[in-house]
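Notes follow the structure.
So this is what it looks like as structure tokens:
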């Protein structure tokens, strides 16, 4: 280590400060004996005692204090040696400074405490400070030290304050924000500590609100949930308004949380629990579809549809919740759950729902049709055939304007094309070959030509598809053959000679086909 003698500094105050920085006690004493003031400071206001406190050099601190150094001298940033010792977690030096006149409430009442919070100091630092702070000390915005510690996410500081008897804003009637603030922290230890301290003063509604807030976090601590339930929190509080802890567990597909919440009150679970679960499952499917689409487009533009995403993994948790609910309340005849069973590829649940009377054509919250979903997913064939046997309407349009036949042509999976015929099966079951989409008026034949699906076009024409229908833009099927294979033109020529002649005509001489 360099000493002040190695570096030639002729100005006494600079040499004195350099001696402190390098820890050269002998040189420091010589400069003090030579008359250099112990509170000599740099341009920033930093003194030798700041340096000694920062380094945790107890011998240097003793030397400077005995020479009359001020433990409360603040630098330009407002830090005192006491603040610096707290920030650097130099507990022995901090105690030394406080015993020799240092004040933790200078230059501002919260200065040293906030310095320790920012540094994530150990509990010993806070015990040392709190023992000498006025209990009425508040933070920069008038908040209590307890609130300040909770907001900083520092469990050690919170625990020390509570052990010292800190009551904080809960002394004031109706101030519930402190516990909600603690509950919002990622570190559950903070919430648990504050809850244990205040739970005897909380009403059941407050406990129930806290329980709901904890469940809303998604990742919640089982100990915190246990404490709230033991204190009297109601997991079904406000369920009539659609906002209770059980709803949160169902919507997240959190079987462990749902089990903990319903363990003692299984008979009181409302049938709405299945609705909450299906709504959460729907949101999970849509999020997975969005995630998949984003990841695929990041590799370059491409044609995608929602069934390219595989939601089976994200739905496993919802199936666990569903199994748990079935042990407590009867399974309803729900179309939404029917959709969930298809997306999750759970055929036994699917059959169970059909047996209970689930209607595959009833619109519920998913805004999707079971028949269309079965067509879309690669694993959907057994579901499709079972739905057809159950009498699902093959001409029922989805809220988005699609039909089962249009979906089958749009998806055009190889597995479907190699089977005995998904599209022929739909046509045999009564699918109308000309039922167009609601948004653009595209017919199945137009879509088959656009998607270059020759077999589909052949099946549609054989089923009586009309090639002379126009979409909303006025285009007919033959217009689309101009950008597709010549095979489609030959196919139309074989089926409708009039169309072929029309294609031969120039655009200037085209006439309406009657």
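Residue numbers (the numbering used here): 1 to 514. Just so it is clear, CB atoms sit at the ideal spot from N, CA and C, and this is done for glycine as well.
Note to self: Would the region 262–275 count as touching the region 242–252 if we require 3 or more Cβ pairs under 8 Å?
What the structure shows: yes
Next item on the list: Determine the DSSP secondary structure at residue 41, reduced to helix, strand or coil.
Entry: In the chain shown, residue 41 corresponds to position 41, counting from 1. Strand.
Check: CB-CB under 7 Å to residue 140, same chain, minus the five flanking residues each way: which ones, in chain order?
Finding: Start at 1 with the first residue of the chain shown, and residue 140 comes out as number 140. The residues are 110.
Next item on the list: May I ask whether a heavy atom of the ligand HEM can be found less than 8 Å away from the beta carbon of residue 355?
Entry: For the ligand HEM, the structure offers nothing, since it holds no ligand at all.
Next item on the list: Taking only runs that begin and end inside the region 232–270, name each unbroken beta strand (DSSP E) of 3 or more residues, in chain order.
Entry: none
Next item on the list: With a 10 Å radius around its C-beta and 16 neighbouring C-beta atoms as the bar for buried, classify residue 402 as buried or exposed.
Entry: What you label residue 402 is simply residue 402 of the chain shown in a count that begins at 1. Classification of residue 402: buried, given that the 10 Å Cβ count is 16 or more.
Next item on the list: Please state if the CB of residue 81 and the CB of residue 102 are separated by a distance shorter than 9 Å.
Entry: In the chain shown, residue 102 corresponds to position 102, counting from 1. In the chain shown, residue 81 corresponds to position 81, counting from 1. Against a cut-off of 9 Å, the Cβ pair of residue 81 and residue 102 comes out as a contact.
Item checked: Three-state secondary structure (DSSP) of residue 473 -> The residue you call residue 473 lines up with position 473 of the chain shown. Note: residue 473 maps to coil in three-state DSSP.
Checklist line | Exposure of residue 380, with buried meaning 16 or more beta-carbon neighbours within 10 Å | finding: Within the chain shown, residue 380 is the residue found at index 380, counting from 1. Buried, since its Cβ has 16 or more Cβ neighbours within 10 Å.
Next item on the list: Any chance you could list the alpha helix (DSSP H) runs of at least 4 consecutive residues sitting entirely within the region 322–375, in chain order?
Entry: 335–343 and 347–356
Check: residue 516 by DSSP, collapsed to three states: which one?
Finding: Outside the shown range of the chain (1 to 514) lies residue 516, about which nothing can therefore be said.
Next item on the list: Spatial neighbours of residue 17 within its chain, please: CB distance less than 7 Å, with the 5 preceding and 5 following residues excluded, ordered by chain position.
Entry: In the chain shown, counting from the first residue as 1, residue 17 sits at position 17. Cβ neighbours of residue 17 beyond the five flanking positions: 40, 42 and 48.
Item checked: Distance between beta carbons of residue 444 and residue 492, contact taken as under 8 Å -> As a first step, residue 492 is located in the chain shown; it is residue number 492 there, counting from the start. As a first step, residue 444 is located in the chain shown; it is residue number 444 there, counting from the start. Rounded, the Cβ-Cβ distance is 14 Å, inconsistent with contact.
Check: When DSSP labels each residue in this structure, what does residue 144 get in the three-state scheme?
Finding: For the purposes of this step, residue 144 is taken as residue 144 along the chain shown, with counting starting at 1. Reduced to three states, the DSSP call for residue 144 is strand.
Check: What is the DSSP secondary structure of residue 417, counted as helix, strand or coil?
Finding: In the chain shown, the residue the question calls residue 417 occupies position 417. Interpretation of residue 417 is limited by its pLDDT of 45, a score under 50 that renders its predicted location unreliable; no figure is taken from the coordinates.
Note to self: Below 8 Å on the Cβ atoms is my contact criterion, and I expect residue 344 with residue 319 to pass it. Report the Cβ-Cβ distance as a whole number of Å.
What the structure shows: Walking along the chain shown from the start, residue 344 turns up at place 344. Walking along the chain shown from the start, residue 319 turns up at place 319. At roughly 6 Å, the Cβ-Cβ gap stays under 8 Å, so residue 344 and residue 319 are in contact.
Next item on the list: In angstroms with no decimal places, state the Cα-to-Cα distance between residue 241 and residue 277.
Entry: Residue mapping note: residue 241 aligns to position 241 of the chain shown, counting from 1. Residue mapping note: residue 277 aligns to position 277 of the chain shown, counting from 1. Those two C-alpha atoms are separated by around 16 Å.
Checklist line | Euclidean distance between Cα positions of residue 65 and residue 37 | finding: Locating residue 65 in the chain shown gives position 65, where the first residue counts as 1. Locating residue 37 in the chain shown gives position 37, where the first residue counts as 1. Their Cα atoms are separated by approximately 12 Å.
Item checked: Exposed unless 16 or more other CB atoms sit within 10 angstroms - verdict on residue 326 -> What you label residue 326 is simply residue 326 of the chain shown in a count that begins at 1. It counts as exposed.
Note to self: Rounded to the nearest angstrom, what separates residue 149 and residue 157 at their Cα positions?
What the structure shows: For the purposes of this step, residue 149 is identified with residue 149 of the chain shown, where counting begins at 1. For the purposes of this step, residue 157 is identified with residue 157 of the chain shown, where counting begins at 1. Cα to Cα, residue 149 sits roughly 6 Å from residue 157.
Item checked: Inter-residue Cα distance where the pair is residue 23 and residue 13 -> Indexing the chain shown from 1 puts residue 23 at position 23. Indexing the chain shown from 1 puts residue 13 at position 13. The alpha-carbon atoms of residue 23 and residue 13 are separated by roughly 15 Å.
Next item on the list: Look at residue 193 and residue 214 and say whether their C-beta atoms are less than 9 Å apart.
Entry: Taking the first residue of the chain shown as position 1, residue 193 is located at position 193. Taking the first residue of the chain shown as position 1, residue 214 is located at position 214. Not in contact: residue 193 and residue 214 (Cβ atoms no closer than 9 Å).
Item checked: residue 186 in three-state terms, based on DSSP -> Translated into the one-based positions of the chain shown, residue 186 becomes position 186. DSSP places residue 186 in coil when its eight states are reduced to three.
Checklist line | Ordered list of alpha helix (DSSP H) runs contained in the region 103–129, each at least 4 residues | finding: 111–118
Next item on the list: Check whether the region 354–365 touches the region 383–401, counting contact only when three or more Cβ pairs, one atom from each stretch, lie closer than 8 Å.
Entry: yes
Check: Based on the DSSP secondary-structure assignment, which residues constitute the bridge partners of residue 47?
Finding: Walking along the chain shown from the start, residue 47 turns up at place 47. Note: residue 47 sits in a beta bridge opposite 41.
Margin query: By alpha-carbon positions, which one of 95, 79, 434 and 334 ends up nearest to residue 61?
Written below: Here the question's residue 61 lines up with position 61 in the chain shown. Ranking 95, 79, 434 and 334 by Cα distance to residue 61 puts 95 first.
Note to self: Using a Cβ-Cβ cutoff of less than 6 Å, which residues in the same chain neighbour residue 282 once the five nearest sequence positions on both sides are dropped?
What the structure shows: Locating residue 282 in the chain shown gives position 282, counting from the first residue. Result list for residue 282: 366, in chain order.
Margin query: I'd like the list of long-range same chain contacts for residue 449, defined as Cβ closer than 7 Å, with 5 residues on each side in sequence excluded.
Written below: Residue mapping note: residue 449 aligns to position 449 of the chain shown, counting from 1. The answer, listed in chain order, is 457, 477, 480, 481, 484 and 488.
Next item on the list: Inspect the beta-carbon positions of residue 190 and residue 182 and report whether they are closer than 9 Å.
Entry: The residue labelled residue 190 in the question sits at position 190 within the chain shown. The residue labelled residue 182 in the question sits at position 182 within the chain shown. Going by C-beta atoms, residue 190 is nearer than 9 Å to residue 182.
Checklist line | Straight-line Cα distance separating residue 354 from residue 265 | finding: Taking the first residue of the chain shown as position 1, residue 265 is located at position 265. Taking the first residue of the chain shown as position 1, residue 354 is located at position 354. One C-alpha to the other measures close to 29 Å.
Next item on the list: Closer than 6 Å by C-beta to residue 136: which residues in its own chain qualify, once you throw out the five before and the five after it? Chain order, please.
Entry: Position 136 of the chain shown, counted from the first residue, corresponds to residue 136. Closer than 6 Å at Cβ, skipping near neighbours: no residue.
Next item on the list: Could you check the C-alpha separation between residue 234 and residue 333 for me, to the nearest Å?
Entry: Translated into the one-based positions of the chain shown, residue 234 becomes position 234. Translated into the one-based positions of the chain shown, residue 333 becomes position 333. If I take the Cα positions, the gap works out to 28 Å.
Margin query: Here's the rule: buried if 16 or more other CB atoms are within 10 angstroms of the residue's CB, otherwise exposed. What is residue 280?
Written below: Numbered from its first residue, the chain shown carries residue 280 at position 280. With 16 or more Cβ atoms within 10 Å of its Cβ, residue 280 is classed as buried.
Next item on the list: Please list, in chain order, all residues of the same chain as residue 376 whose beta carbon is under 8 Å from its beta carbon, the five residues on each side excluded.
Entry: Along the chain shown, read from residue 1 onward, the residue named residue 376 stands at position 376. For residue 376, where only same-chain residues beyond five positions count, the Cβ hits under 8 Å are 305, 306, 307, 407 and 411.
Check: Mapping DSSP to helix, strand and coil, what is residue 170?
Finding: For the purposes of this step, residue 170 is taken as the residue at position 170 of the chain shown. At residue 170 the pLDDT is 44, less than 50, meaning the model places this residue with poor confidence and gives no usable figure here.
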